[in-house]
Amino acid sequence: MARQLLAAEPADWREAQYRLACAGPAALAAVDDSRLLRAAEGPSRVRGVIAMSFTRTTTPADLQAHPRLERLVAESVANGFALATRLEDQEDDYLTPHHSFGMGALLFWDSLPPPPPPTTTEQMLALGGCAVPAALSLLHSHRPLGRAYGIVLLRELGAMAAYADTVATLVEDSGSFVVDYDCYSMRETVGQHASNALKHMFPSPDLVAKYPGIVYEDHSWESDLINGITSVAHSRQATSWDEWWDGARPVWRDWWRLTGEGRRPPDRWEWLNEVNAYGGFRWNRVPSPQPRTVLRVVGPAGTRCRIVTEGMTVAEGELPLEFVRQLDSASVALRWQREERGDYSSRTFGLVAALPGGGKFQREGFLWEGQEESPGLNITFEVLPAPRSRETGTAHRRR
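Here my numbering runs 52 ahead of the position in the sequence shown, where the first position is 1.
Have a look at this one:
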């Protein structure tokens, strides 16, 4: 894995980074190699290993045994301590939680407004695992606010599983501070924060032990990658490190092929459809100002398809096939009635298709109802000639 850090393909050297970061102090010895550190790409990729390992399996004390590696991250670690001092020494006693984007926002990440200037907490989180030493030091702060920020940072950095025992020593801490929740404030204790962080941490220590490959430091974007791997590779059934990676690798390569040198694919729909291709389809939906939903199903010539919604077949025939649902007064009334009953679920389409040569395709439950600010939708659904192979990532005929 240390040698693989110099691979040309992003998927290969990033796999090496993640596996080394989960391999404990022995991985530090493996990357503390003159040949690796002299290579053009070596230092930056080794820095990535060190930063990620801080959130998983190594401690700052482990790094002290490797002065060359310590120097690689010294500036980032020092920045973390400077920022931690700023958090600890602020004049007021207010803790401002870090609010990351939820999955709803990720659906439209290309249209998110420009973010405000980063807060001190966000600047620390941007350091990744290099902020862990400073976060650990905050757990011993003389101020309750500082200790609380240490817990917050470890949780947001994804390092809770690695330092759960350390955080657990604070569950009886009665030191208090004020938490600013924007529209209201309330006084809480360090012990409350420690207990909540331990209760709700992800991933859990058991999950880390069983699936070392799925521990990531930034869940807000990598949840798409994790979901893709688990849905295609059935990786939660793996019983060993190598088995997990053997199943995950095709989807892993898809992610980094689309991502390149960044951290996530620039087009989320393109990524989701890479995963969908393993199920034999691709689809997209875009808002429409027209008060209607248009579903267009395309696929191999000669494919016969049936469109079902609300338990009824509404269109049937050879592809391409189109169905139009007007947002008329009757459908609006039905929606209001559902909402009055507390049923806020959206109605969905289902497809059943018979492909030439005897193949079959079935898909249920994809959204067709528009949102209030955009009452209509244009949906294109493509049935592929065959699903992508989990073994090779290439198409093969469904048997």
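Even glycine gets a Cβ: it sits at the ideal position worked out from N, Cα and C.
Since the model is a prediction, treat every value here as computed from it, not as a measurement.
- Ranking Asp306, Phe401, Pro343 and Val327 by CA distance to the CA of Val349 puts Phe401 first.
- If you look at Thr172, you'll find it in the alpha helix (DSSP H) that goes Thr172 to Leu177.
- Under DSSP, Cys357 shares a beta bridge with Gly369 and Ala405.
- Going by DSSP, Leu436 is part of no alpha helix (DSSP H) at all; its letter is neither H nor E.
- Under the three-pair Cβ rule at 8 Å, the region 325 to 343 counts as touching the region 429 to 439.
- According to DSSP, Met104 shares a beta bridge with no other residue.
- The C-beta separation of Trp307 from Trp293 comes to about 19 Å, leaving the pair out of contact by the 8 Å criterion.
- For Val230, the enclosing beta strand (DSSP E) begins and ends at Ser228 to Asp232.
- A contact between stretches requires three or more CB pairs, one per stretch, nearer than 8 Å, and the region 195 to 215 meets this requirement with the region 137 to 144.
- In this structure Met104 is buried. Its beta-carbon is surrounded by 16 or more other beta-carbon atoms within 10 angstroms.
- Distance from the CA of Ala216 to the CA of Arg87, rounded to the nearest whole angstrom, comes to 36 Å.
- Proximity to Phe106 across Ser128, Gly428, Trp321 and Pro372 peaks at Ser128, based on C-alpha coordinates.
- The beta strand (DSSP E) runs lying completely inside the region 313 to 365 and spanning 3 residues or more are 333 to 340, 344 to 350 and 356 to 361, given in chain order.
- Looking at Ala353, His118, Asp298 and Ser189, the one whose alpha-carbon comes closest to that of Asp64 is Asp298.
- Cβ contact annotation for Pro408 (same chain, cutoff 7 Å, sequence separation greater than five): Pro352, Gly354 and Thr355, in chain order.
- If you look at Arg138, you'll find it in the alpha helix (DSSP H) that goes Pro119 to Glu140.
- About 6 Å separates the beta carbons of Leu80 and Leu121, which is inside the 8 Å limit, making them a contact pair.
- Ranked by Cα distance from Thr218, the options Thr365, Ser247 and Asn325 are led by Ser247.
- When secondary structure is reduced to three states using DSSP, Ser237 falls in the strand class.
- Our two residues, Ala91 and Leu58, have alpha carbons roughly 8 Å apart in a direct line.
- When rounded, the separation of the alpha-carbon atoms in Ile281 and Trp321 is 16 Å.
- Cα atoms of His245 and Gly428: separation of roughly 44 Å, rounded to the nearest angstrom.
- Put simply, of Pro169, Met176 and Thr221 the residue whose alpha carbon is nearest the alpha carbon of His192 is Thr221.
- Boundaries of the alpha helix (DSSP H) harbouring Thr311: Trp293 to Thr311, taken from the DSSP string.
- Residues Arg344 of the same chain have their beta carbon placed closer than 6 Å to that of Gln378, with the five preceding and five following residues left out of the count.
- When C-alpha distances from Ala214 are compared across Phe433, Ile278 and Thr109, the shortest belongs to Thr109.
- Sorting Ala130, Pro339, Thr241 and Met238 by C-alpha distance to the C-alpha of Thr432 places Pro339 at the top.
- In terms of Cβ geometry, Val360 and Asn430 do not form a close pair [threshold 8 Å].
- Annotation for Ser283: Val327 place their beta carbon closer than 7 Å to its own, counting only its chain and skipping 5 residues before and after.
- For Gly428, the beta-bridge partners assigned by DSSP are Ser340.
- By the Cβ-count criterion, Tyr146 is exposed, with fewer than 16 other Cβ atoms from all chains shown falling within 10 Å of its own Cβ.
- A direct Cα-Cα distance of roughly 47 Å separates His252 from Glu368.
- If you look at Gln116, you'll find it isn't in any alpha helix (DSSP H); DSSP assigns it neither H nor E.
- When DSSP states are grouped into helix, strand and coil, Tyr146 belongs to the strand group.
- Note that the C-beta distance between Leu371 and Val303 is not below 8 Å.
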